[in-house]
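In my numbering, the protein residues as written are 3 to 191. Notes to accompany the following structure.
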Amino acid sequence: MNKKILPFVLILFFGLTAFAFAQSPAVIVEYYENTSGEMYARTPDGAEYSVDQFGFGEQLPVGTTLITLDGDYAELRMDPNGTIIRVGENTNFRVDGLQGRGEAQKNTFSVAVGKFKAVVAKQDGALYSFRGSTAVMGVRGTSFIWSIIPGVEELAYVADGIVDYTNAAGQTIALGAGQAANALAANFA
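Written as structure tokens, this is what we have:
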């Protein structure tokens, strides 16, 4: 009897272990176009890697900044929830934290310059924060575009859902589908 139970227990143990690791939050490089030939990622320790060294299906570690140049773009997928982030050309996009990994209470990203489009998966309890030079967006299950030109504009456009958009003065407005706002405008509305 023990000889029959042991294989079952081992299969169950390794199956559950594999499932637990598969569910660990990650940002995956789903697709990219390295038109400039110089697109790269900078890891938290300062090392720089050509995006071709990462390749499709690889993870961007927390603290990594993806740098796209003229004509480049990348499509990132959050695993396991399926959120898609398309990073446009001439953008510095950093993965700051992933909800459920370490002490992170939400998925956090920052953009120093450039633009991206996100289609955020609607999932109970999933929280997102996107930070620009001066503004912050709190996002749950929505689709939006954010364009950042430091000192000039931080323009958010919501295609679907609602985004809480906060400027440097601490003012927060709720942007709904079809609405846009510039956090650096004289009239933040």
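For glycine and all other residues, C-beta sits at the position ideal for the given N, C-alpha and C. Since the structure is predicted, the reported quantities are computational estimates derived from the model, not experimental observations.
Classification of residue i by the beta-carbon crowding that lies within 10 angstroms, buried from 16 upward
| i | result |
| --- | --- |
| G105 | The residue you asked about is not Gly; residue 105 is Glu in the sequence shown. By the neighbour-count rule (16 or more Cβ atoms within 10 Å), E105 is not buried but exposed. |
| V154 | exposed |
| D74 | buried |
| S149 | buried |
| N169 | buried |
| N109 | buried |
| A191 | exposed |
| Y33 | exposed |
Cβ-based neighbour list, residue i, same chain, cut-off 6 Å, excluding 5 preceding and 5 following
| i | result |
| --- | --- |
| G84 | A123 |
| L62 | V29, V97 |
| S112 | R96, D98, R133 |
| S135 | P152 |
Neighbourhood of residue i by C-beta distance below 7 Å, restricted to the same chain and skipping five residues each side
| i | result |
| --- | --- |
| E40 | L71 |
| D162 | T144, S145, A179 |
| S225 | Here the chain has residues from 3 to 191 only, and residue 225 is not among them. |
| N36 | V53, D54, D74 |
Identified DSSP bridge partners for residue i
| i | result |
| --- | --- |
| N94 | I69, V115 |
| A28 | D81 |
| T110 | G99, S131 |
Under 9 Å between C-beta atoms of residue i and residue j
| i | j | result |
| --- | --- | --- |
| N94 | A120 | no |
| R142 | Y159 | no |
| A76 | V31 | yes |
| V89 | F56 | no |
Own chain, CB closer than 8 Å to residue i, minus 5 neighbours either side, in chain order
| i | result |
| --- | --- |
| P46 | P63, V64, G65, T66 |
(request) Mind listing, in chain order, the continuous beta strand (DSSP E) runs of no fewer than 3 residues lying wholly within the segment 30 to 87? (result) Scanning the segment 30 to 87 for uninterrupted beta strand (DSSP E) segments of 3 residues or longer gives 42 to 44, 50 to 52, 67 to 69, 75 to 81, listed from N- to C-terminal end.
(request) Starting from the N-terminal side, write out each stretch of the alpha helix (DSSP H) that is 4 residues or longer and does not extend beyond the segment 150 to 188. (result) Within the segment 150 to 188, no complete alpha helix (DSSP H) run reaches 4 residues.
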